[in-house]
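So in my numbering, spot 96 of the sequence shown is number 96, and the numbers just go up one at a time. Below is one structure, written out as structure tokens; comments come after it.
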Amino acid sequence: MKKTIYLGGHDTQLLEPIQPFGTNSWRSAVFHFCLKQGIQVINPLTEVKSSLNTNGKSFIADDRSRKEVEQSFGLIDRSDFVLCNLYNADESSWVPLIYAHNRGKMTVVWTPFPISPWLGSYAKAAFERLED
């Protein structure tokens, strides 16, 4: 059975292209890498219809938004691994990480910055460079 990976966090556009993929999108780089490895990518940005466009501001979710979060949790439940982008992290980054960890999933984070020990305790591994 094909392994699956869930991608959590913003679709950060990096200043420098990720080699050898030649893209500035971390999601695109991970997608292409996983495709070559035979790993299926679960991308909530394309698989969940979102009304959560808050322009970075938190709010109390309505019923529709709660369903979208439940859909994302369902996608995490279907995955074998979770990779979270903690670059400019917010709840779209750390909630999937914590949820996946609590469900016994393999959790990996990517962040070019040091992370707090609290958040880091939910990750099995942390990488400073996405290429790692």
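All C-beta atoms, glycine included, are put in the ideal place defined by N, C-alpha and C. Given the structure is predicted, the values throughout are model-derived calculations rather than measurements.
Element boundaries [alpha helix (DSSP H), containing residue i]
i    : result
G120 : P117 to G120
H32  : W26 to Q37
Nonlocal neighbours in the same chain, by C-beta distance under 7 Å from residue i, ignoring five residues either side
i   : result
L86 : G9, S93, V109, W110, T111 and I115
Q71 : V48
Limits of the beta strand (DSSP E) - the one that residue i falls within
i    : result
G42  : Note that residue 42 is Ile in the sequence shown here, rather than Gly. Its beta strand (DSSP E) spans residues Q40 to I42.
A125 : A125 to F127
G133 : Since the first residue shown for the chain is 1 and the last is 132, residue 133 is missing from the structure and cannot be characterised.
Where residue i falls, given that 16 or more other Cβ within 10 Å makes a residue buried
i    : result
M1   : exposed
W26  : buried
L83  : buried
F113 : exposed
T46  : exposed
P117 : exposed
Chain-order list of residues whose beta-carbon lies under 6 Å from that of residue i (same chain, five-residue window excluded)
i   : result
I98 : Y122
Close beta carbons around residue i, own chain, < 8 Å, minus the five adjacent residues each side
i   : result
D80 : K3, T4, I5, K105 and M106
Three-pair Cβ contact test at 8 Å for the region 66 to 78 versus the region 121 to 128: no
Runs of alpha helix (DSSP H) lying entirely within the region 64 to 120, each at least 4 residues, in chain order: 91 to 102 and 117 to 120
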